[in-house]
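Novice: Below is one structure. I have some questions about it.
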Amino acid sequence: MKYPYKNEFSINLVEWYHNEKRDLPWRRTNDPYKIWVSEVMLQQTRVDTVIPYYNRFLEKYPTLQSLAYAPQEELLKMWEGLGYYSRARNLQSGVREVVEKYNAQVPTNRHDISKLKGVGPYTAGAILSIAFNKPEHAVDGNVMRVLSRVLHIKEDIALSKTKKIFEEAVTELIDQNDPGAFNQGLMDLGAQICTPTSPKCLLCPVREYCIAFEEGHPEELPIKSKKTKSKTIQYDVFIVKNYEGKYLLEKRPDEGLLASMWQFPMIEKTTKGPSCNTFEVLKTNYEVPFKDDIGEQLLKFKHIFSHLTWEMECYLVEADQVDIQKENIGFFTLEEIARLPMSVPMQKVLNILK
DNA sequence: CACGCGTGGAA
DNA sequence: TTTCCAAGCGT
């Protein structure tokens with residue numbers, strides 16, 4: 000037997016979960032759509048951050064159909080500030096496929112549910128086990144941390160092939176009667192007891208089966224190699240105000256960083272080439288009759304993403320009598336701007352205009 | 001497989 | 001201040 004305390008471990012874990020689980024909004028429903036929404040929002044995102052977004056989102060989109068037919072701009076506005084915005088569009092894409100192809104019934108097997116946009120190995124297992132009571136693995140960062148300690152697995156969890164080891168372990172250990180409680184129990188244990196630093200082993204319901212606890216250094220697991228290298232990009236941001244008091248905004252491309260979010264025009268500062276004067280680049284690119292002189296600097300700040308940093312210098316520019324309105328660029332009043340999805344760094348800029 | 005993709009909180 | 005994240009996924 001590969002896991003000698005398999006049954007005792009699973010029973011203790013599930014019992015602990017039923018006694019100690021947190022009362023979270025998505026734990027008050029069995030609706031697979033609502034579980035789905037919660038799991039997507041929780042990807043790489045803290046519980047406390049998700050809760051208000053989850054409640055507002057399901058108030059606005061209570062059913063698969065209501066989300067399927069929502070305008071994308073409205074959807075992005077609902078996601079504004081939550082980050083990883085492609086999650087919102089992938090979720091809507093997956094929901095549309097369920098409505099159109101599966102008669103609005105979320106698939107109940109891993110093969111079909113995994114084909115939905117934004118539903119990867121973890122999310123598939125989470126929905127199947129929590130909403131449909133299927134004994135499917137759902138391995139996230141918490142699960143790898145907990146099981147690396149319990150089973151003393153020293154493989155590098157930064158390598159994608161390592162996850163397979165944990166998926167096989169969960170498949171073997173999972174409680175067949177209550178797989179949802181088992182999977183959520185592993186995650187809740189990782190969040191509340193088996194934390195990255197200073198694990199609360201004396202409160203742990205499975206410490207008697209934990210090899211890392213027995214050996215005395217659970218905090219040294221898991222092993223994780225990757226390090227974050229982030230580069231810095233400098234931008235000049237132009238707050239262009241026209242004669243009506245409207246501001247020039249552009250929509251970002253529909254792929255990549257902050258896809259489809261609106262922003263004030265921003266030009267990267269480069270030291271090379273004849274276009275190192277960003278104000279000249281602005282006048283060339285936007286064909287708006289700007290005043291000749293760049294205005295005063297209103298704000299200077301730094302915004303740190305997970306993989307890069309923006310250093311922003313913001314200038315006020317006056318434009319003469321123009322009021323262009325195109326698909327991806329136009330002048331807007333502050334009231335109109337408030338309804339557009341804007342990234343957090345752009346909200347920092349917007350705030351100084353209020 | 002490695003990397004791009006957000007944000008705010010904790011140590 | 002700096003680092004490391006937190007219930008991953010798509011390409």
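Per numbering that gives the first Met the number 0, the first sequence starts with residue 0, numbered consecutively. Note that CB positions come from ideal geometry on N, CA and C, so glycine has one too.
#1: Would D292 be called buried (16 or more neighbouring beta carbons within 10 Å of its own) or exposed?
#2: Assuming P25 is part of the alpha helix (DSSP H), what are its boundary residues?
#3: Would you kindly report the start and end of the unbroken alpha helix (DSSP H) that includes M345?
#4: Are there 16 or more other CB atoms within 10 angstroms of the CB of I238, so buried, or fewer, so exposed?
#5: At the level of alpha carbons, what is the spacing between P204 and G329?
#6: Around the C-beta of S274, are 16 or more other C-beta atoms found within 10 angstroms, so that it is buried, or is it exposed?
#7: What does the alpha-carbon distance come out to for the pair K290 and L75?
#8: Output the boundary residues of the beta strand (DSSP E) element that contains Q296.
#9: Assuming contact is defined by CB atoms lying nearer than 8 Å, are V138 and Y121 in contact in what I supplied?
#10: With a cut-off of 8 Å on the beta carbons, I'd call V145 and C193 a contact; round off their distance for me.
#11: Do the stretch 247-258 and the stretch 315-328 meet, that is, are 3 or more Cβ pairs less than 8 Å apart?
#12: Are W35 and Y53 close, meaning C-beta to C-beta below 8 Å?
#13: Count Cβ pairs between the stretch 224-235 and the stretch 262-269 that sit closer than 8 Å; are there 3 or more?
#14: Using three-state DSSP, classify M143 as helix, strand or coil.
#15: Nearest-angstrom Cα distance between I164 and L115?
#16: Tell me D174's beta-bridge partners as DSSP assigns them.
#17: Suppose the cutoff is 8 Å on Cβ atoms and the five residues either side in sequence are ignored; what does the same chain contact list for M40 look like?
#18: Pull up the DSSP beta-bridge partners for E184, would you.
#19: Whose CA, out of D30, Y285 and T161, lies closest to the CA of N321?
#20: Quick check on DSSP: helix, strand or coil for S274?
#21: Less than 8 Å between the C-beta atoms of W15 and G184, yes or no?
Specialist: The relevant details are as follows:
#1: Here residue 292 is taken as the residue at index 293 of the first sequence, counted from 1. With fewer than 16 Cβ atoms within 10 Å of its Cβ, D292 is classed as exposed.
#2: For the purposes of this step, residue 25 is taken as residue 26 along the first sequence, with counting starting at 1. Here residue 25 turns out to be Trp, not Pro, going by the sequence shown. Run containing W25: none; DSSP gives neither H nor E here.
#3: For this step, residue 345 is matched to residue 346 along the first sequence. Counting along the chain, the alpha helix (DSSP H) containing M345 begins and ends at V343 to N350.
#4: Indexing the first sequence from 1 puts residue 238 at position 239. So I238 ends up on the buried side.
#5: Residue 204 sits at position 205 when you count from the first residue of the first sequence. Residue 329 sits at position 330 when you count from the first residue of the first sequence. So the two alpha carbons sit approximately 59 Å from each other.
#6: Counted from its first residue, the first sequence places residue 274 at position 275. Confidence in S274 is poor, its pLDDT being 49 and thus under 50, which makes the residue's placement too unreliable to answer from.
#7: The residue given as residue 290 occupies position 291 in the first sequence. The residue given as residue 75 occupies position 76 in the first sequence. In a straight line, the C-alpha of K290 is about 34 Å away from that of L75.
#8: Position 297 of the first sequence holds residue 296. Q296 to I303 is the extent of the beta strand (DSSP E) around Q296.
#9: Locating residue 138 in the first sequence gives position 139, where the first residue counts as 1. Locating residue 121 in the first sequence gives position 122, where the first residue counts as 1. Yes, these two residues count as a Cβ contact at 8 Å.
#10: As a working mapping, residue 145 is identified with position 146 in the first sequence. As a working mapping, residue 193 is identified with position 194 in the first sequence. Contact holds; Cβ gap of about 5 Å.
#11: yes
#12: Start at 1 with the first residue of the first sequence, and residue 35 comes out as number 36. Start at 1 with the first residue of the first sequence, and residue 53 comes out as number 54. Not a contact, by the Cβ cut-off of 8 Å.
#13: yes
#14: For this step, residue 143 is matched to residue 144 along the first sequence. Residue state, collapsed to three classes: helix.
#15: Along the first sequence, read from residue 1 onward, the residue named residue 164 stands at position 165. Along the first sequence, read from residue 1 onward, the residue named residue 115 stands at position 116. The straight-line gap from Cα to Cα measures roughly 24 Å.
#16: As a first step, residue 174 must be located in the first sequence, where it is residue number 175. Answer is none; D174 lacks a bridge partner.
#17: Here residue 40 is taken as the residue at index 41 of the first sequence, counted from 1. Counting only Cβ-Cβ distances below 8 Å, and skipping sequence neighbours, we find V49, Y52, Y53, F56, L81 and R86.
#18: Counting from one through the first sequence, the residue named residue 184 turns up at place 185. Looking at the sequence shown, residue 184 is not Glu but Gly. G184 is not bridged to any residue.
#19: What you label residue 321 is simply residue 322 of the first sequence in a count that begins at 1. This sequence places Val at residue 321; Asn is not what is there. Nearest option by C-alpha distance: Y285.
#20: Within the first sequence, the letter at position 275 stands for residue 274. Bear in mind that a pLDDT of 49 at S274, under 50, signals an unreliable position, so the model cannot answer this.
#21: Along the first sequence, read from residue 1 onward, the residue named residue 15 stands at position 16. Along the first sequence, read from residue 1 onward, the residue named residue 184 stands at position 185. Yes. Within cutoff.
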